[in-house]
Amino acid sequence: MTLENEIRDFVTKYELCPLIVSGRDMTAYQSWEGFNIAKVCDFSTDMSVELIQKSLVPQVDKNKLISYVRNDMPEGYLGFLRSPLMVTVLILTATEVNRVSDNLLSFLEDAFEALWWRHDIKKSGYARVVLSKLSKSEFKKFFSAFCATSYFAEAIEMNEVQLHKFVSKAKSRLPIDASEEDLIYDMRINVCLLLQDGGHYLFGHRLFQEYFCAGFVSSLSGGQYIRAIEMAEKRSATDEVLRFVLQMDQEKAERDFVLPILQVLMKDYKVDRCSMAAYQRALLGEPAGWRGRREPDQRVRIHLNAVRSMYKLEPSVNDIRELEERSKHKEARYSLELIEARLGDDRRNMIELHDLVSERVKRHSDIDSLFG
Numbered sequence: 018m019t020l021e022n023e024i025r026d027f028v029t030k031y032e033l034c035p036l037i038v039s040g041r042d043m044t045a046y047q048s049w050e051g052f053n054i055a056k057v058c059d060f061s062t063d064m065s066v067e068l069i070q071k072s073l074v075p076q077v078d079k080n081k082l083i084s085y086v087r088n089d090m091p092e093g094y095l096g097f098l099r100s101p102l103m104v105t106v107l108i109l110t111a112t113e114v115n116r117v118s119d120n121l122l123s124f125l126e127d128a129f130e131a132l133w134w135r136h137d138i139k140k141s142g143y144a145r146v147v148l149s150k151l152s153k154s155e156f157k158k159f160f161s162a163f164c165a166t167s168y169f170a171e172a173i174e175m176n177e178v179q180l181h182k183f184v185s186k187a188k189s190r191l192p193i194d195a196s197e198e199d200l201i202y203d204m205r206i207n208v209c210l211l212l213q214d215g216g217h218y219l220f221g222h223r224l225f226q227e228y229f230c231a232g233f234v235s236s237l238s239g240g241q242y243i244r245a246i247e248m249a250e251k252r253s254a255t256d257e258v259l260r261f262v263l264q265m266d267q268e269k270a271e272r273d274f275v276l277p278i279l280q281v282l283m284k285d286y287k288v289d290r291c292s293m294a295a296y297q298r299a300l301l302g303e304p305a306g307w308r309g310r311r312e313p314d315q316r317v318r319i320h321l322n323a324v325r326s327m328y329k330l331e332p333s334v335n336d337i338r339e340l341e342e343r344s345k346h347k348e349a350r351y352s353l354e355l356i357e358a359r360l361g362d363d364r365r366n367m368i369e370l371h372d373l374v375s376e377r378v379k380r381h382s383d384i385d386s387l388f389g
């Protein structure tokens with residue numbers, strides 16, 4: 018007899034005995050007669066602290082984590098506190114790794130480790146079976162491809178049809194024999210990286226999608242690597258993908274992407290010697306109303322915006338896009354000095370970054386030459 022049948026038989030036999038069943042697969046319970054389904058609301062900070070206080074970890078660890086949550090947690094982590102599951106992951110990460118990294122990339126890696134190995138470890142006598150039979154590294158490669166194909170389709174939430182399409186695309190890139198159903202089960206139930214809400218599926222936190230997508234991009238090479246960065250630039254002002262790409266493999270990102278575009282600026286546009294008006298025309302095109310107005314090189318524009326996002330430069334991508342909009346209006350020709358002033362810092366950033374990256378790439382090249 019299955020556990021489900023045992024529970025339902027118990028309720029039938031002892032109908033006056035209240036019973037609460039906690040689980041993740043909400044759709045599995047919809048056919049249970051006599052049960053009402055309740056969902057946990059988003060947590061407040063106080064509720065997160067209460068959950069930490071009730072967790073089965075030493076009090077000294079609780080006190081440290083509560084102090085961290087109330088006083089020291091980086092702003093980028095605050096979204097984790099709204100989800101009971103993610104607060105649990107935070108507890109596991111802090112207690113098992115004995116730290117909560119201030120580096121978002123490292124924290125997400127630690128969180129994945131906690132979800133893969135340690136979630137449910139406190140549930141004595143119960144171990145989850147990985148239906149896909151993938152190892153941790155194999156699952157990570159699959160999930161990275163899944164996150165990338167859904168990210169580039171701009172799908173943070175997806176229906177059943179979309180889910181299977183994304184799983185199929187991700188599976189086609191890897192030598193995986195597992196069925197789509199088993200892969201989906203592992204994502205949802207075993208690793209808890211994908212949540213189901215009725216007929217829709219969404220990520221436990223959007224940062225997981227961005228983190229694993231960045232891992233997929235970093236695994237590419239040549240033209241595919243460049244193209245993936247170009248595609249990620251569209252959302253770079255509002256997410257972390259390109260910053261993760263740089264942090265995951267800074268040597269590769271600077272050698273294959275950052276330095277080439279900065280060299281174009283230096284050699285083709287001569288930004289270290291040109292006037293600010295010339296720099297403005299190179300980046301934004303000539304102001305509206307100019308005879309024979311030329312548009313900027315769109316590929317150069319996209320690459321430079323990607324660089325700005327990777328290094329969190331100021332002016333930001335949004336600032337540059339605002340200037341682009343200004344340059345399209347006729348009055349822009351009369352406010353050229355204002356636009357030039359805003360671009361002054363940008364040009365200095367690019368010149369300084371070119372020098373720093375050139376030096377780093379050369380140093381790595383020299384080191385590689387020593388080892389053949």
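Going by the numbering used here, 195 is the number at position 178 of the sequence shown; the sequence numbering is gapless. The C-beta atom is built at its ideal place from N, Cα and C for all residues, glycine as well. What you are looking at is a predicted structure, and each value in this text was computed from that prediction instead of being measured.
Three-state secondary structure (DSSP) of residue i
i    : result
M90  : coil
H222 : coil
N322 : helix
L212 : strand
N366 : helix
D137 : Bear in mind that the predicted position of D137 carries a pLDDT of just 47, short of 50, making it unreliable; the figure below should be weighed with that in mind. Looking at D137 - three-state DSSP - the assignment turns out to be coil, as it is neither helix nor strand.
H381 : helix
L98  : helix
S386 : helix
G142 : Residue placement at G142 is poorly supported in this model, since its pLDDT is 48, which falls under 50; the coordinates still yield a value, given next. Coil.
W307 : Confidence in W307 is poor, its pLDDT being 49 and thus under 50, which makes the residue's placement too unreliable to answer from.
Y351 : Confidence at Y351 is low in this model, with a pLDDT of 45, below 50, so the placement of that residue is unreliable and no value is reported for it.
From the options, residue whose alpha carbon lies closest to that of residue i
i    : options                   : result
E171 : F220, L210, Q241 and I201 : F220
F129 : K329, G232, L330 and F183 : G232
N366 : L340, V288 and E339       : V288
D63  : I83, I337 and Q280        : I83
A55  : I69, V38 and K71          : V38
E331 : R190, L370 and T166       : L370
C291 : I368, S189, R244 and S149 : I368
Y202 : L151, H222, S238 and R244 : L151
R190 : A270, F163, I206 and G216 : F163
Q280 : Q297, S253, E247 and H320 : H320
C230 : L122, L148, V378 and C209 : L122
R252 : A323, A299, Y31 and R25   : A323
M90  : S65, A254, L211 and P192  : S65
D372 : N335, S118, R318 and V275 : V275
Q226 : D256, E247 and I206       : D256
L107 : Q213, I69 and V77         : I69
E197 : S48, E177 and V104        : E177
E357 : R338, N22, R298 and W134  : R298
E339 : Y328, K329 and R359       : R359
D266 : D78, K30, Y242 and E23    : Y242
L132 : Y94, T105 and L33         : T105
N120 : V146, W134, E92 and V77   : E92
T206 : V147, E268, K153 and H181 : Before going on, a small fix: residue 206 reads as Ile here, not Thr. For I206, the nearest C-alpha among the options comes from V147.
R316 : K157, S333, G215 and E250 : E250
P35  : L20, E21 and N53          : N53
Nearest-angstrom beta carbon gap, residue j and residue i [assumed within contact, 8 Å]
i    : j    : result
F60  : R87  : So it is not a contact: roughly 14 Å between Cβ atoms.
G361 : M283 : Their Cβ separation, rounded to whole angstroms, is 17 Å, which puts G361 and M283 out of contact at 8 Å.
V258 : S235 : 10 Å between Cβ atoms; not a contact.
F169 : M175 : 13 Å between Cβ atoms; not a contact.
T110 : D127 : 5 Å
R377 : E271 : 6 Å
V74  : G51  : Actually they do not touch by this definition, with Cβ atoms about 36 Å apart.
A187 : S149 : Their Cβ separation, rounded to whole angstroms, is 12 Å, which puts A187 and S149 out of contact at 8 Å.
L210 : Y218 : In fact, because the Cβ distance is near 11 Å, the residues do not count as touching under 8 Å.
S326 : A254 : 7 Å
L301 : E341 : 5 Å
L224 : L125 : 6 Å
R380 : Y296 : Contact flag wrong, Cβ pair sits at about 29 Å.
Run of the beta strand (DSSP E) containing residue i, from where it starts to where it stops
i    : result
M175 : E174 to N176
Unbroken alpha helix (DSSP H) run spanning residue i, endpoints
i    : result
E113 : P101 to E113
K287 : Here K287 belongs to no alpha helix (DSSP H), and DSSP marks it neither H nor E.
E198 : E197 to Y202
N80  : Q76 to S84
A165 : K153 to F169
A128 : L121 to E130
Can you check the region 19-70 for any beta strand (DSSP E) of at least 3 residues that lies completely inside it and give the ranges in chain order?
-> Taken in chain order, the region 19-70 contains no complete beta strand (DSSP E) segment of 3 residues or longer.
Jot down the residue ranges of each uninterrupted beta strand (DSSP E) in the region 227-269, minimum 3 residues, whole runs only, in chain order.
-> none
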